[in-house]
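To start, the structure under review is shown below, and the notes come after it.
Number of protein chains: 2
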Amino acid sequence: MKKIAVLLSGCGVYDGSEIYETVLTLLALDKAGVAYQCVAPDMEQYHVVNHLTGEPADEKRNVLVEAARLARGDIKSLSDVNPDDFGGLMVPGGFGAAKNLSQFAFKGADTDVQPDVLQFCQAFANAAKPAGYICIAPTLVNKVYGGGVTVTVGNDADTAKAIEAMGGKHQVCEVSQACTDEQHKVVTTPAYMLANSISEAQLGIEKCVQQVIAWA
Amino acid sequence: MKKIAVLLSGCGVYDGSEIYETVLTLLALDKAGVAYQCVAPDMEQYHVVNHLTGEPADEKRNVLVEAARLARGDIKSLSDVNPDDFGGLMVPGGFGAAKNLSQFAFKGADTDVQPDVLQFCQAFANAAKPAGYICIAPTLVNKVYGGGVTVTVGNDADTAKAIEAMGGKHQVCEVSQACTDEQHKVVTTPAYMLANSISEAQLGIEKCVQQVIAWA
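In order, the protein sequences belong to chains H and S. Residues 1 to 216 (the working numbering) are what the first sequence spells out, left to right. Residues 1001 to 1216 (the working numbering) are what the second sequence spells out, left to right.
Structure (structure tokens):
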């Protein structure tokens, strides 16, 4: 079985990848005996948020460099990897998915997906390889697949409406569950869109990872 | 049962708290139904390491602000907490424990422990409350307890020698196990001193957390 690519967007819930979601994703893959490779786009972060105050900071950071923290240095730039080398894709959440990988946080349904991210994710879609998107990352899915994919972000009505506006279908889902679109081999789970604790987030993320492995 | 304090030193293996060790600690506490509070000293990091290249970066970051990433913003400064409010202590590893909480990475057995960190950790020692130190963090223990504590950092001979020079005893330990000093209620585990994977690190960390909970 080929490695699973884990696409990161920085390191920290407010400006990058959600740390717990990422670690729980890697843990679930590793416990299943499945090898993974963290990857990230080499680009400047939209902004840096001071996670103590919640306020933007007057700093610049690079998505790939900060994502390397989450990968203990074992990460590759999107420009240095070939999607053919991977059997499936996982995209953890965190605002980085909606601020760096796309502009969903600012533009809603009018968002674009960052070009190299779009190309990478579409390679999995076009090859009918499975993909799991977590938390707010499912807002990328219908831009990647050109619509028609059923996803969940939990029960947030505004985000659900934006997903429908992008041609997708939104399914309400509990934090402990995952939403499966068999036709597109896309699985999504709410995680910290709903989770009140790290162990709550783990339940859905494990289901998400197990579904990607089952398809891969 | 009172909350467990989780003492952080930044966010990232090379200049702060090891991310996986921290998340696995929080996960083990949460799965056991035990509440926790992340805390960190409000101080400048010794340095910032670019985790992509492994090289120091020309930047300044604050330990508390970066540790807040690991806590999803839910963190308190050491100066704003009272050790009396906690039933036990967990200290994940990462170079931050040996570069920010102490200077062990540079001074070996001649290290000091950062004064407010020393005071906080000694409050647990003096009250005979349990403490778990992970990875390289056990190098702090004998400075905190004034010697005589048996700890492990796995099987690294140089670090073991430095621990003995600080008045401690070093016990060789596998990554899946934890080293218990019943007299001082101190438990330690090698984690990423030895771990080849995140699920390997989880085994010892779970034992470490469970021992602290059993004592608390």
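Backbone N, C-alpha and C define an ideal beta-carbon position, used for all residues, glycine too. The model shown is predicted, which means the values in this text are computed figures rather than measured ones.
Query                                                                                                                                 : Result
Beta-carbon gap between Ile134 (chain H) and Gly204 (chain H) smaller than 9 Å                                                        : yes
Sufficient close CB pairs (3 or more, under 8 Å) joining the region 43 to 58 of chain H to the region 1049 to 1069 of chain S         : yes
Terminal residues of the alpha helix (DSSP H) in which Ser17 (chain H) lies                                                           : No alpha helix (DSSP H) holds Ser17 (chain H); DSSP gives it neither H nor E.
Cβ-heavy atom distance, Arg1061 (chain S) to the ligand SAH, below 8 Å                                                                : The ligand SAH is absent from the structure shown, which contains no ligands of any kind.
Exposure label - Glu21 (chain H); buried when at least 16 CB within 10 Å                                                              : buried
Burial state of Asn1100 (chain S) (16 or more Cβ within 10 Å)                                                                         : buried
DSSP three-state assignment for Pro130 (chain H), whether helix, strand or coil                                                       : coil
Where the beta strand (DSSP E) containing Gln37 (chain H) begins and where it ends                                                    : 36 to 40
Cut-off 8 Å between Cβ atoms - residues of its own chain near Glu1206 (chain S), not counting five sequence neighbours on either side : Leu1024, Ala1028
Nearest neighbour of Glu1182 (chain S), chosen from S:Ile1198, S:Gly1132, S:Leu1194 [CA to CA]                                        : S:Gly1132
Cβ pair Val187 (chain H), Val212 (chain H) closer than 9 Å                                                                            : yes
Span separating the alpha-carbon of Cys1121 (chain S) from that of Val1144 (chain S)                                                  : 7 Å
Separation of Met1001 (chain S) from Gly1087 (chain S), as counted between CA atoms                                                   : 7 Å
Exposure label - Phe106 (chain H); buried when at least 16 CB within 10 Å                                                             : exposed
Runs of beta strand (DSSP E) lying entirely within the region 1102 to 1169 of chain S, each at least 3 residues, in chain order       : 1131 to 1134
Minimum Cβ-Cβ distance from Gln1202 (chain S) to chain H less than 9 Å                                                                : yes
Reduced DSSP secondary structure (H/G/I, E/B, other) of Pro56 (chain H)                                                               : strand
Chain S within 9 Å of Asp58 (chain H), Cβ atoms only                                                                                  : no
9 Å Cβ cutoff, His1012 (chain S) in contact with chain H                                                                              : Looking at the sequence itself, residue 1012 (chain S) is Gly, so the reference to His does not match. Chain H contact via Cβ: present.
Three-state secondary structure assigned by DSSP to Glu174 (chain H)                                                                  : coil
For Leu194 (chain H) and Val175 (chain H), believed in contact at Cβ under 8 Å, the rounded distance                                  : 4 Å
Contact check, Ala162 (chain H) vs Thr139 (chain H), beta carbons under 9 Å                                                           : yes
Cβ of Tyr1192 (chain S) within 9 Å of any chain H Cβ                                                                                  : yes
Interface residues of chain S facing Lys31 (chain H) [CB-CB closer than 7 Å]                                                          : Ser1199
Cα-Cα separation between Glu44 (chain H) and Pro1190 (chain S), rounded to whole angstroms                                            : 35 Å
Best match in S:Val1091, S:Gly1146, S:Phe1124 for proximity to Pro1083 (chain S) [C-alpha to C-alpha]                                 : S:Phe1124
Listed by chain order, chain S residues near Val6 (chain H) by CB distance under 9 Å                                                  : Result: empty, since nearest Cβ-Cβ is about 12 Å, beyond 9 Å.
Near-chain S residues of the region 88 to 103 of chain H - C-beta to any C-beta below 9 Å                                             : none
Bridge-paired residues (DSSP) for Ser1077 (chain S)                                                                                   : S:Ala1040
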